[in-house]
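The block underneath contains the structure these notes are about, expressed in structure tokens.
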Ligand code: UDP
Ligand code: MG
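Residue numbers (this note's numbering): 64 to 362.
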């Protein structure tokens with residue numbers, strides 16, 4: 064098997080058939096052996112049924128169905144764990160990632176033996192609201208300031224990489240996963256290619272602003288302990304300010320008390336985020352539960 068393409072799908076009933084046709088048309092032209100691993104992430108529309116029909120008719124298509132929605136990160140992980148190709152790709156099911164671009168990325172990787180990953184980064188965000196664009200840009204700046212893993216602004220999960228990179232990624236035991244950060248953490252030589260995402264043909268983005276904020280915050284926590292270390296420094300400063308105020312003025316004004324308390328509540332909030340992360344990792348629950356697998360033989 065040369066290329067495994069992992070496709071996370073959540074309520075993509077309208078897109079999967081067209082996606083399958085387009086990708087098949089483009090990959091068949093390349094004359095390489097490939098598999099399409101569709102991961103149905105607990106869709107509540109007809110996605111699972113559609114995927115099963117596709118897998119029945121096309122021996123290159125395989126399906127993993129989750130018992131419920133576990134999120135795109137889990138869907139990608141499950142797909143990677145089942146991928147058997149010498150090269151692996153991840154792409155979205157909504158045709159925002161063009162199959163032609165996938166082939167270009169694959170050919171680039173083949174032609175550059177010193178490189179291990181080709182990553183597509185969004186060169187335009189025209190279709191996004193200005194609020195989303197501003198928040199995204201703030202996230203990248205903040206992340207690159209405080210996190211141990213640096214991210215290229217706009218770097219997406221749309222990537223093609225060698226099996227050795229996939230093996231490194233799936234060997235990481237963490238339960239709360241942030242693949243963009245993981246790619247950066249495992250290293251390897253990466254080529255970044257610009258791409259401009261197509262307009263979504265059907266349905267809407269599964270990412271609300273709140274979901275994106277939670278995801279971004281989770282990403283920062285995954286790869287940096289700086290926020291929690293800063294809590295210690297800030298606590299010392301707050302203590303000193305409080306003490307000095309008390310010694311010099313005899314008492315603390317209401318304003319000072321409210322100011323110091325706000326900072327301490329923020330500090331407690333940051334600690335709480337890390338504790339909840341430790342807690343969920345200690346529970347050791349799996350990232351996903353598979354309900355059904357189709358097309359994988361006896362595996
Ligand atoms: N997706 C998923 N599980 C989720 C949310 C999304 O598998 O909980 C899939 C979705 O079906 C799509 C890809 O992840 O194939 C990207 O999602 P979406 O298009 O909503 O994100 P956007 O393009 O807006 O970043
Ligand atoms: Mg999309």
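Glycine included, every Cβ here is placed at the ideal spot set by N, Cα and C.
Would you say the beta carbon of residue 155 comes nearer than 7 Å to a heavy atom of the ligand MG? yes
With a 10 Å radius around its C-beta and 16 neighbouring C-beta atoms as the bar for buried, classify residue 331 as buried or exposed. Under this definition residue 331 is an exposed residue.
Closer than 7 Å to a non-hydrogen atom of the ligand MG - does that hold for the CB of residue 106? For the ligand MG, not one heavy atom lies less than 7 Å from the Cβ of residue 106.
In its own chain, which residues sit with a C-beta less than 7 Å from the C-beta of residue 154, not counting the 5 before and 5 after it? So the list reads 68, 70, 160, 165 and 221, once near-sequence residues are dropped.
Going by C-alpha to C-alpha distance, which of 118, 274, 354 and 108 sits closest to residue 99? 118
Using the Cα positions of residue 217 and residue 181, report the straight-line distance between them to the nearest angstrom. 14 Å
Count the C-beta pairs between the region 327–344 and the region 104–112 that are closer than 8 Å, then say yes if the count reaches three, no if not. no
Can you find the residues in the same chain that come closer than 6 Å, C-beta to C-beta, to residue 101, ignoring five residues on each side of it along the sequence? Hits under 6 Å: 70, 72, 114 and 126.
Taking 8 Å as the cut-off, decide whether the C-beta atoms of residue 78 and residue 265 are in contact. yes
Do residue 148 and residue 65 have their beta-carbon atoms positioned less than 8 Å apart in this structure? Yes.
Does at least one heavy atom of the ligand MG sit under 7 Å from the Cβ of residue 268? yes
Cut-off 8 Å between Cβ atoms - residues of its own chain near residue 227, not counting five sequence neighbours on either side: The answer, listed in chain order, is 179 and 251.
Do three or more CB pairs link the region 201–209 to the region 229–241 at distances below 8 Å? Put simply, the region 201–209 does not touch the region 229–241. Fewer than three CB pairs are less than 8 Å apart.
Name the DSSP bridge partner or partners of residue 257? 184
Among the candidates 135, 326 and 158, whose CA atom is the shortest distance from the CA of residue 83? The shortest C-alpha separation from residue 83 is found at 158.
Neighbour-count burial assignment, residue 273, 16 or more Cβ in a 10 Å radius: Result: exposed.
Spatially closest choice to residue 163 from 234, 139 and 91, by CA coordinates: 91
Going straight from the alpha carbon of residue 350 to that of residue 209, what length do you get? 27 Å
Quick one, are the C-beta atoms of residue 256 and residue 139 less than 8 Å apart? no
Considering only the beta carbon of each residue, do residue 186 and residue 259 sit closer than 8 Å? yes
Close Cβ partners of residue 233 (< 8 Å) along its chain, the five nearest in sequence each way excluded: Closer than 8 Å at Cβ, skipping near neighbours: 140, 143 and 144.
Please name the residue in 122, 302 and 262 whose C-alpha comes closest to that of residue 156. 262
With DSSP as the reference, identify every bridge partner of residue 71, one or two as the case may be. 102
Can the beta-carbon of residue 151 be found closer than 8 Å to that of residue 229? The beta carbons of residue 151 and residue 229 sit closer together than 8 Å.
Report, in whole angstroms, the separation of the C-beta atoms of residue 305 and residue 244, which I expect to be a contact under 8 Å. That belief does not hold up - the Cβ atoms of residue 305 and residue 244 are roughly 37 Å apart, past 8 Å.
Candidates 120, 310, 137 and 276, of which the one nearest residue 353 by Cα: 137
Based on DSSP bridge pairs, tell me the residues matched to residue 150. 66 and 225
So, are the CB atoms of residue 333 and residue 291 less than 8 Å apart? yes
Of all the options 122, 116 and 200, which has the alpha carbon lying nearest to the alpha carbon of residue 80? 116
Contacts around residue 279, its chain only, beta-carbon distance under 6 Å, and the 5 residues preceding and following it disregarded: The answer, listed in chain order, is 202.
Would you report the Cα separation of residue 326 and residue 242, rounded to the nearest angstrom? 32 Å
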